[in-house]
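S.K.:
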Amino acid sequence: TEIRCQEKSKGGLCYEVILAEPAVNVALPKLPPTQGKNVSAEEIEEKLKAAEERRLSLEAKKMADWSAKMAKIEEASRKKDELDKEFKTHAKEVLHTKMEQYEEKRVQQLSEIKEKLKTHAADIEKTRQSLEQQKVEELQKHLEDKLRNAATLRDDNIKKILDRLKEHNTDKLNEVRATIDQIEALKTTEKTRIIENKLSTAEQNREKELQKKLENIRKH
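Going by our numbering, the sequence shown opens with residue 99, and the numbers climb by one from there.
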């Protein structure tokens with residue numbers, strides 16, 4: 099009997115059992131020749147029968163050995179299948195555990211990223227508002243400085259104009275006084291009347307011009 103083992107696929111074995119053909123010619127034990135005595139047909143029959151029994155016993159032993167080997171092979175295959183099943187089950191459980199851990203870690207990382215982005219956006223908004231407030235304050239200060247400078251310049255211009263008008267009025271007053279003196283000297287004549295009319299007209303025109311200039315200054 100011959101048993102051959104061949105790997106057919108990954109994780110599996112194929113066994114091939116070849117039974118030898120029963121021996122036809124079995125060597126019979128040689129008996130020492132009996133001197134002076136003939137072998138009878140019954141004795142030959144008994145000897146052949148004993149030889150056949152021995153052959154059958156040998157074949158039975160071979161079959162028993164083959165059955166024992168096959169039982170061991172089947173037991174090994176069964177244990178291998180059980181180990182494969184246990185390994186697959188364990189691997190599946192380990193994979194499931196790792197997947198759950200990975201999912202929990204992924205959710206935690208996403209939550210941390212969202213929180214960081216939220217904090218970053220709040221910082222950006224806070225900085226933007228601070229810059230806008232600073233810009234508004236700087237613009238307001240600039241406008242106040244500009245208005246203050248403009249007011250100072252306007253006051254200076256008004257003062258200068260008033261000073262010039264005051265000087266002009268003083269000169270005019272002196273001219274008027276001189277004219278009055280002349281009028282007093284010539285008031286009996288027609289020329290004095292004409293001069294008084296001109297002075298009055300000139301004074302009125304001067305007052306109107308002064309009022310107009312003051313109005314223009316106030317508007318600006």
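Ideal Cβ placement from N, Cα and C applies to all residues, glycine included.
Because the structure is a prediction, the values reported are computed rather than measured.
(1) Let me check understanding here. Comparing Cα to Cα, which of GLU301, LYS257 and GLU305 lies closest to ARG275?
(2) Is the region 298 to 315 touching the region 255 to 265 in the sense that three or more CB pairs, one from each, lie closer than 8 angstroms?
(3) Going by DSSP in three states, SER138 sits in which element: helix, strand or coil?
(4) Please confirm whether LEU308 and LEU263 have their CB atoms less than 8 angstroms apart.
(5) Only counting the same chain, and skipping five residues up and downstream in sequence, which positions put a Cβ closer than 7 angstroms to that of THR132?
(6) Roughly how many angstroms lie between the CA atoms of LYS332 and LEU181, to the nearest whole one?
(7) Cα separation between GLU202 and HIS194?
(8) Please work out which residues of its chain come closer than 7 angstroms, Cβ to Cβ, to LYS296, disregarding the five sequence neighbours upstream and downstream, and give them in chain order.
(9) If we ignore side chains and look at the alpha-carbon of each, how far apart do VAL122 and PHE185 end up?
(10) Taking only the alpha-carbon atoms, compute the straight-line gap between MET168 and LYS159 and give it to the nearest angstrom.
(11) Would you tell me roughly how many angstroms separate the C-alpha atoms of LYS239 and ALA249, rounded to the nearest one?
(12) Between which residues of its own chain and LYS183 is the CB-CB distance below 6 angstroms, once the five residues before and five after are set aside?
M.R.: The structure says:
(1) Taking the sequence shown and counting its residues from 1, the one referred to as residue 275 is at position 177. For the residues GLU301, LYS257 and GLU305, the minimum Cα distance to ARG275 belongs to GLU301.
(2) yes
(3) Locating residue 138 in the sequence shown gives position 40, counting from the first residue. Reduced to three states, the DSSP call for SER138 is coil.
(4) Locating residue 308 in the sequence shown gives position 210, where the first residue counts as 1. Locating residue 263 in the sequence shown gives position 165, where the first residue counts as 1. It is a contact, given that the beta carbons lie within the stated cut-off.
(5) On the sequence shown, residue 132 is found 34 positions in, with the first residue counted as 1. Only weak support is given to the placement of THR132: the predicted model assigns it a pLDDT of 49, under 50, and the question is left unresolved by the model.
(6) Since the displayed the chain opens at 99 and closes at 318, residue 332 lies outside it and no answer follows.
(7) Locating residue 202 in the sequence shown gives position 104, where the first residue counts as 1. Locating residue 194 in the sequence shown gives position 96, where the first residue counts as 1. Answer to the nearest angstrom: the Cα atoms are 12 angstroms apart.
(8) By one-based count along the sequence shown, residue 296 stands at place 198. Result list for LYS296: empty, nothing under 7 angstroms.
(9) Here residue 122 is taken as the residue at index 24 of the sequence shown, counted from 1. Here residue 185 is taken as the residue at index 87 of the sequence shown, counted from 1. The predicted model places VAL122 with a pLDDT of 48, which falls under 50 and marks its position as unreliable; any figure quoted below should be read in that light. Those two C-alpha atoms are separated by around 50 angstroms.
(10) To locate residue 168, count along the sequence shown from 1; it is residue 70. To locate residue 159, count along the sequence shown from 1; it is residue 61. Approximately 14 angstroms, taken between the alpha carbons.
(11) On the sequence shown, position 141 is the one that residue 239 refers to. On the sequence shown, position 151 is the one that residue 249 refers to. Their Cα atoms are separated by approximately 15 angstroms.
(12) Within the sequence shown, the letter at position 85 stands for residue 183. The answer is none, since no qualifying residue turns up.
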